[in-house]
Every structure is written in C-alpha cells, then in structure tokens.
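J.:
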Amino acid sequence: MQSRLGVPGVYVATFHGLCFDLLSKKAEIPQFITEPARRALIKKIPKSTALKGTTVRELALLISRAKNMADDNQDIARIVTAYNAELAAQGLCDFDDLLVRMCDYLQKDTARRAELQKRFSHILIDEFQDTNALQYELLQLLHGT
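Position 53, counted from 1, in the sequence shown is what our numbering calls 53; the numbers after and before it change by one each time, with no gaps.
(1) From His16, Asn132, Leu124, pick the residue whose C-alpha is nearest to that of Val7; which is it?
(2) Whose C-alpha, out of Leu5, Ser3, Gln2, Leu18, is nearest the C-alpha of Asp119?
(3) Taking the alpha helix (DSSP H) that Leu141 belongs to, which residues open and close that run?
(4) Considering only C-alpha positions, which residue in the set Gln74, Pro36, Ser48 is nearest to Arg57?
(5) Checking 7 Å against the spacing of the C-beta atoms, do Leu62 and Ile45 come in under that value?
(6) Give the single residue among Tyr136, Leu139, Glu127 whose Cα lies nearest to the Cα of Met1.
(7) Using alpha carbons as the reference points, say which of Ser3, Ile33, Arg113, Leu134 lies closest to Lys26.
(8) Just the C-alpha distance for Gly53 and Arg4, rounded to the nearest angstrom, thanks.
(9) For Leu106 and Leu141, which I take to be in contact (beta-carbon distance under 8 Å), what is that distance rounded to the nearest angstrom?
(10) Would DSSP call Phe128 helix, strand or coil?
(11) His122 lies in the alpha helix (DSSP H); which residues open and close that run?
(12) Quick check on Met69: buried or exposed, where buried means 16 or more other Cβ atoms within 10 Å of its Cβ?
(13) If you measure between the beta carbons of Cys93 and Pro30, is that distance less than 7 Å?
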C-alpha cells in the first residue's frame, strides 16, 4: 500500500495494526491468545441448546462478529461474556479486543482523541465497503465526527 501511494511519510496500517501501535505507546497490551488456546477456550464454554451443533470455528466467527458489530442474540452474548471473562482471567486478549480497547480509550481520553484527530487529518480506507461497525466507530473517533 505504501509503495502504491507513492507519497513519503504517510502512515499506512490495518485497523488492527493502527490500534496496536497506538495502544502500545500509551497503555499496556496483554499477551494475545494463540489460535490453539482460543479454540480450546471456546470448546470449554457451555452452549445453549440453540448453539449445540455449532462448530468451534463457527463459534469463533460468531464471537468475533459480536465483538465487531452490535448483536442482540442472547445466546451469543452469553458465550461472548464467558469468553471475555476467561480471557481476562488469563490476562489475554484477542485481535478484536484491539479495536474494542482503542475505541474505549478514545472515548475516555478526549485529549488524546483530539491529538490523534489532528495527526490523522485524512484517512484513506482500502475496501471501505468491508468496514464493520466497530471499525467505523473507530474511524468516527479518529475523524471527529
């Protein structure tokens, strides 16, 4: 992307990379859960009758989707709550937590948010149509809208 832009000094990152860079400078980032550990954790979470036949892979996608978009499904909300509690108990986070934590951080720290809004006067999103609700919220916080 950097070479395609052809403009020196432009900051280029994925949403997750941006959040990691910004959070690691101002806050502690816990260790990331490995994929095998994530699958094992998800297997241990009790499932409601509605989700009994759901595979670990499908549940992982549902958890990620729930963290990134508003979801009113109570069965999934209970699984996400149990999953997040276990991550916290182990001092771990997953990649979706980078976006969640960055949005929380920017909502609470208005001075840092204003500083970043000045720093990122223009934001170009490749494949904007694939932006989810949490990524869009982050963009709004960084842009000041």
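A virtual CB, placed ideally from N, CA and C, is assigned to each residue, including glycine.
T.: Once the coordinates are examined:
(1) Leu124
(2) Before going on, a small fix: residue 119 reads as Arg here, not Asp. The option with the nearest alpha carbon to Arg119 is Leu18.
(3) 133-143
(4) Pro36
(5) no
(6) Glu127
(7) Arg113
(8) 45 Å
(9) 4 Å
(10) helix
(11) Taken as a continuous stretch (DSSP letters only), His122 belongs to no alpha helix (DSSP H), as it is neither H nor E.
(12) exposed
(13) yes
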